[in-house]
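Worksheet: one structure, shown below.
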Amino acid sequence: MKKWIPLFFLAGCTLGPNHEAPEVCVPCHYEEAPCETEHVDLSVWWHQFDDCLLDEFIEEALACNYDLQIALHKIEEVRALYKIDRSALYPQIQGNMVAIRARRSENLGADVIEGPASITEILPTDFSGPLVQYFFQAGFDASWELDFFGKNRRKAEAAYRDFEASQESALDVQITLLSDVARSYIDIRSFQQQIESKEDQIQRQRELLELAQSRYNAGLTSYLDVTRAKAELDAQESSLPPLQEALKQTIHGLAILLGKPPENFCVGEGFIPKAAGRIPTDLPSDLLCRRPDIRQAERELAAATSRIGAAKAELFPSFSLLGTFGTQTNVIDKLFVWPSRFWTIGPSMIWNLFTGGRLLAQIEVTNERQKQAILAYEKSIIDALKDVEDRLVGYFKEENRLTFLEEQLSTNSLLRDLTYDQYIGGLIAMDDVLDAEKGLFQTQQNMIESQGTLMLQLVGLYKALGGGWECFASR
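Its first residue numbered 423, the sequence shown is counted upward by one per residue in this note's numbering.
Now the structure itself:
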């Protein structure tokens, strides 16, 4: 039996559980999924909008965005931390060299020597020589911790999984960035169209004010119509600055996303970009491999699992091989000759026999952190499923709303024409004309907002499905 003990230590073992991703039940299909599906290349989903300027902004953001650059440097930081933990698996070698000139006390007994430990440990204790002596040493110290119980292997394993999680975190930052750029661009175009519509409405109100004034001057109506028209014009003019403010702020936000100062950043004029409305509806199970935030949570769970083994290994002894080789002399000319050599070699063992419960508590900490990581992983999945369902229902309901608004616009346009003709004929008062005009322009504003919201919902759906990370992985 005794002959097998050395073989056991040489073979070693790795303590702690091995990582296995938890089984998570996901539905077979999305509740709001359309009956007919289409293939959409989610890796470059913004090409669906067929907008060259948007494509250009996306490329600039990928190259210059500060948050993405920070995430990339975070990857390199965690990679370096992994290399630090991995280095514990290899022998550690340090070189040393000492040159000392020392004078001993004439009143010092032969059995006593005082001074700093770093010096007295290497000084010769022969007091029969001269008062001033020299000591020279050069060599190497080596140590190698024999990882019998897998402590260092588990630590390196956990560090590598942290590195993988940092990569997924950067991909998640990129997906969010792509979505934010597209959303900002759509908002800018929406605000521009709303401002244009509002300016048309203000011009129309001025024409109605002139009409009321001319009819009042001709004695065909009272001054009340003039006052009402002027009040409505003032109301419409006061609603324009908030739209202009929102446009400017959104342009500034887009500039920051592109890594540019907001001053003098220009996007030009344009219309809300429109996609073909192609709705990708992959299986819910595809989210597990598409969404970087889910993959990040899974890697963090794997790292937490590895740290359990590292904590358990602390309960067992730590074995190391120690060695020293070098030369010593009190004459510099003999420092590098073979007779001046010295060496030591041998094993060492350190065992934490009593720590007041610290090691057991550390194991409990790692176990609880693993449980938290399991819950975080499961939560990331159901959050992703909810995100997709919300975007699907949001897109289809907004599509229905836009259809109703188009019908309402046609009706309000006819109502506006009828009331205007009747006002000219003296059959109705200015109130009816103003109400009809207000209803028509409000419907136009609602349509512009709805068109923008519909595209925002589509962008949100592409993001929820994990689209856009592949272009980063290929860089």
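Ideal Cβ positions, reconstructed from N, Cα and C, are used throughout, including at glycine.
Among 880, 791, 846, the one whose alpha carbon lies nearest that of residue 695: What you label residue 695 is simply residue 273 of the sequence shown in a count that begins at 1. Nearest C-alpha to residue 695: 880.
Same chain only: Cβ atoms within 8 Å of residue 764, ignoring 5 sequence neighbours per side: What you label residue 764 is simply residue 342 of the sequence shown in a count that begins at 1. Taken in chain order, the residues that qualify are 561, 746, 747, 748, 749, 750.
Cβ pair residue 851, residue 845 closer than 9 Å: By one-based count along the sequence shown, residue 851 stands at place 429. By one-based count along the sequence shown, residue 845 stands at place 423. Their beta carbons are under 9 Å apart, which means residue 851 touches residue 845 by this criterion.
The alpha helix (DSSP H) enclosing residue 844, as first and last residue numbers: As a working mapping, residue 844 is identified with position 422 in the sequence shown. In the DSSP annotation of this structure, the continuous segment of the alpha helix (DSSP H) that includes residue 844 starts and ends at 780-846.
Span separating the alpha-carbon of residue 611 from that of residue 870: Here residue 611 refers to the residue found at position 189 of the sequence shown. Here residue 870 refers to the residue found at position 448 of the sequence shown. Cα to Cα, the separation comes out at about 10 Å.
Those residues which DSSP pairs with residue 763 across a bridge: One-based indexing of the sequence shown puts residue 763 at position 341. Paired residue(s): 749.
Neighbour-count burial assignment, residue 714, 16 or more Cβ in a 10 Å radius: What you label residue 714 is simply residue 292 of the sequence shown in a count that begins at 1. With 16 or more Cβ atoms within 10 Å of its Cβ, residue 714 is classed as buried.
Neighbour-count burial assignment, residue 429, 16 or more Cβ in a 10 Å radius: Residue mapping note: residue 429 aligns to position 7 of the sequence shown, counting from 1. Residue placement at residue 429 cannot be trusted, given a pLDDT of 39 that sits under 50; the coordinates are not used to answer.
Beta-carbon contacts of residue 627 that lie in its chain and below 6 Å, excluding the five residues immediately before and after: Taking the sequence shown and counting its residues from 1, one reaches residue 627 at position 205. Once the five neighbours on either side are set aside, the close Cβ partners of residue 627 are 654, 655, 658.
Within 9 Å, strictly: CB atoms of residue 709 and residue 810: By one-based count along the sequence shown, residue 709 stands at place 287. By one-based count along the sequence shown, residue 810 stands at place 388. A contact, by the Cβ cut-off of 9 Å.
Buried or exposed by the 16-neighbour rule on C-beta atoms within 10 Å, applied to residue 691: To locate residue 691, count along the sequence shown from 1; it is residue 269. Here residue 691 is exposed, its C-beta having fewer than 16 other C-beta atoms within 10 Å.
Rounded C-alpha distance that separates residue 785 from residue 733: Here residue 785 is taken as the residue at index 363 of the sequence shown, counted from 1. Here residue 733 is taken as the residue at index 311 of the sequence shown, counted from 1. Each residue's alpha carbon lies about 5 Å from the other.
Cβ-based neighbour list, residue 801, same chain, cut-off 6 Å, excluding 5 preceding and 5 following: Counted from its first residue, the sequence shown places residue 801 at position 379. Excluding the 5 residues flanking it on each side, residue 801 has no same chain C-beta neighbour closer than 6 Å.
Three-state secondary structure (DSSP) of residue 706: The sequence position of residue 706 within the sequence shown is 284, counting from 1. DSSP, read as helix, strand or coil, puts residue 706 in helix.
Residues sharing a beta bridge with residue 898, DSSP: As shown, the chain starts at 423 and ends at 897. That puts residue 898 outside it, with no answer to give.
Top-ranked residue by Cα proximity to residue 754, from 818, 887, 558, 473: Position 332 of the sequence shown, counting from 1, holds the residue named residue 754. Taking only the C-alpha atoms, the option nearest residue 754 is 558.
Short Cβ contact (9 Å threshold) for residue 669 with residue 606: Mapped onto the sequence shown, residue 669 falls at position 247. Mapped onto the sequence shown, residue 606 falls at position 184. 9 Å or more divides the Cβ of residue 669 from the Cβ of residue 606.
Close beta carbons around residue 779, own chain, < 8 Å, minus the five adjacent residues each side: Looking up residue 779 in the sequence shown gives position 357. So the list is empty, once near-sequence residues are dropped.
Assigned exposure category for residue 620 - 16 Cβ within 10 Å defines buried: For the purposes of this step, residue 620 is taken as the residue at position 198 of the sequence shown. By the neighbour-count definition (other C-beta atoms within 10 Å, threshold 16), residue 620 is a buried residue.
Spatial distance of residue 767 from residue 744 (CA atoms): On the sequence shown, position 345 is the one that residue 767 refers to. On the sequence shown, position 322 is the one that residue 744 refers to. Computed Cα separation, rounded: 6 Å.
Whole-angstrom distance between residue 838 and residue 863, CA atom to CA atom: Your numbering for residue 863 matches position 441 in the sequence shown. Your numbering for residue 838 matches position 416 in the sequence shown. Per the coordinates, the alpha-carbon of residue 863 lies some 10 Å from the alpha-carbon of residue 838.
Distance, residue 494 Cα to residue 661 Cα: Taking the sequence shown and counting its residues from 1, the one referred to as residue 661 is at position 239. Taking the sequence shown and counting its residues from 1, the one referred to as residue 494 is at position 72. Rounded to the nearest whole angstrom, the C-alpha separation of residue 661 and residue 494 is 43 Å.
Cα-Cα separation between residue 509 and residue 573, rounded to whole angstroms: Here residue 509 refers to the residue found at position 87 of the sequence shown. Here residue 573 refers to the residue found at position 151 of the sequence shown. Within the model, the alpha-carbon separation for residue 509 versus residue 573 is close to 13 Å.
Residue 720 classed as buried or exposed, judged by whether at least 16 other C-beta atoms fall within 10 angstroms: Position 298 of the sequence shown holds residue 720. Residue 720 is buried by the Cβ-count criterion.
Integer-rounded CB distance, given that residue 616 should sit under 8 Å from residue 693: One-based indexing of the sequence shown puts residue 693 at position 271. One-based indexing of the sequence shown puts residue 616 at position 194. No, residue 693 and residue 616 are not in contact; Cβ-Cβ is about 12 Å, not under 8 Å.
Complete alpha helix (DSSP H) runs within the region 665-742 (minimum length 4 residues, chain order): Here the runs fully enclosed are 709-712, 714-735.
Strand pairing of residue 555, partner residues [DSSP]: Taking the first residue of the sequence shown as 1, we reach residue 555 at position 133. Residue pairing from DSSP places residue 555 in a beta bridge opposite 524.
Helix, strand or coil at residue 629 according to DSSP, with G and I counted as helix: Within the sequence shown, the letter at position 207 stands for residue 629. Three-state result, residue 629: helix.
Under the three-state DSSP convention, the category residue 850 falls into: On the sequence shown, residue 850 is found 428 positions in, with the first residue counted as 1. Residue 850 sits in coil when the DSSP states are folded into three classes, being neither helix nor strand.
For residue 867, the three-state DSSP class (helix, strand or coil): The sequence position of residue 867 within the sequence shown is 445, counting from 1. Helix, per DSSP.
CB of residue 466 within 9 Å of CB of residue 701, strictly: Position 44 of the sequence shown, counted from the first residue, corresponds to residue 466. Position 279 of the sequence shown, counted from the first residue, corresponds to residue 701. Not in contact: residue 466 and residue 701 (Cβ atoms no closer than 9 Å).
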